[in-house]
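*Asks:* Protein chains in written order, with our numbering: chain A, 1 to 114; chain B, 115 to 228. C-beta atoms are modelled at their ideal positions from N, C-alpha and C, and glycine is treated no differently. Okay, handing you the structure first.
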């Protein structure tokens, strides 16, 4: 799976949009971009994933550049409860009963400030 | 629909004892994954199981660690003769059968070896 690069930390004012960048310049054509977050001491929480089109769900939006070498996770109105470590992961889709390893890096520690 | 259930949430063992960690996947999920998170580090994949089968154990230490997912009952991660270095948070995730790719994590078991 391709490696990702994320800033170690970011601050965001409460109520503002949080834009978390991720570089994945070695991504392959069939690899998806996944985002998870881990709120202190809890299990990782799935946020969103995409292949090449922008995606939106009730939690966030995912913007993937045309060349797919980078992406941005957008939390439109950050709240204090969004303070967490955010992980950007790229991986290939399941191949039948193939492995499902998620390779977690160090992520970005997002602090939402009142 | 209950999420992924792990128990116990906290487990204290003396060096040399055995630790058994349990994971009940979400209803309808037949794939289970175990991850370990050492203090101040990211999550590392350990093993991927389907009912009665180990699919990928490439992240499992070669000795003392074993995992199973029997036909009936929860998945079990077993650590024999625990050492202080086994102290970590152990997370279980589950996903539906092939065709869906999101994995959902439990709240983890925090193992402390004294």
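1. Between residue 152 of chain B and chain A, is the shortest Cβ-Cβ distance under 8 Å, so that the two count as touching?
2. Taking 8 Å as the threshold (beta carbon to beta carbon), is residue 106 of chain A in contact with chain B?
3. Check each candidate in A/47, A/62 and A/48 and name the one with the smallest Cα separation from residue 120 of chain A.
4. Give a yes or no on whether the minimum CB-CB distance between residue 236 of chain B and chain A is below 8 Å.
5. In chain A, which residues lie with their C-beta within 9 Å of the C-beta of residue 166 of chain B?
6. Less than 8 Å between the CB atoms is what I'm expecting for residue 110 of chain A and residue 18 of chain A, so what's the real figure, rounded?
7. In angstroms with no decimal places, state the Cα-to-Cα distance between residue 156 of chain B and residue 57 of chain A.
8. Can the beta-carbon of residue 132 of chain B be found less than 8 Å from the beta-carbon of residue 193 of chain B?
9. Checking 8 Å against the spacing of the C-beta atoms, do residue 74 of chain A and residue 11 of chain A come in under that value?
10. Rounded to whole angstroms, what is the Cα-Cα separation between residue 168 of chain B and residue 49 of chain A?
11. Applying the 10 Å Cβ sphere with the 16-neighbour rule, what's the burial state of residue 60 of chain A?
12. Rounded to whole angstroms, what is the Cα-Cα separation between residue 37 of chain A and residue 138 of chain B?
13. Residue 221 of chain B: which of B/208, B/227 and B/127 sits nearest, CA to CA?
14. Inspect the CB distances between the stretch 176–190 of chain B and the stretch 83–92 of chain A and report whether three or more fall short of 8 Å.
15. Does residue 43 of chain A have its Cβ less than 8 Å from a Cβ in chain B?
*Replies:* Quick answer:
1. For residue 152 of chain B, no Cβ of chain A is located within less than 8 Å of the residue's own Cβ.
2. Contact with chain B is found for residue 106 of chain A, since one of that chain's Cβ atoms lies less than 8 Å from the residue's Cβ.
3. Since the displayed chain A opens at 1 and closes at 114, residue 120 of chain A lies outside it and no answer follows.
4. One cannot answer for residue 236 of chain B here, as it falls past the ends of chain B, which runs 115 to 228.
5. Chain-order list of chain A residues neighbouring residue 166 of chain B: empty, with the shortest C-beta distance near 13 Å, by a criterion of under 9 Å.
6. Right, their Cβ atoms sit about 6 Å apart.
7. Their backbone Cα atoms lie some 26 Å apart in a straight line.
8. Going by beta carbons, residue 132 of chain B and residue 193 of chain B fall inside the 8 Å limit.
9. Residue 11 of chain A is positioned such that its CB atom lies no closer than 8 Å to that of residue 74 of chain A.
10. Each residue's Cα considered, the two are about 26 Å apart.
11. Counting other Cβ atoms within 10 Å of its Cβ, residue 60 of chain A reaches 16 or more and is therefore classed as buried.
12. Going from the Cα of residue 37 of chain A to the Cα of residue 138 of chain B covers about 21 Å.
13. The candidate whose alpha carbon is nearest that of residue 221 of chain B is B/208.
14. In the pairwise beta carbon analysis, the stretch 176–190 of chain B is classified as not touching the stretch 83–92 of chain A: fewer than three pairs are separated by under 8 Å.
15. Chain B contact via Cβ: present.
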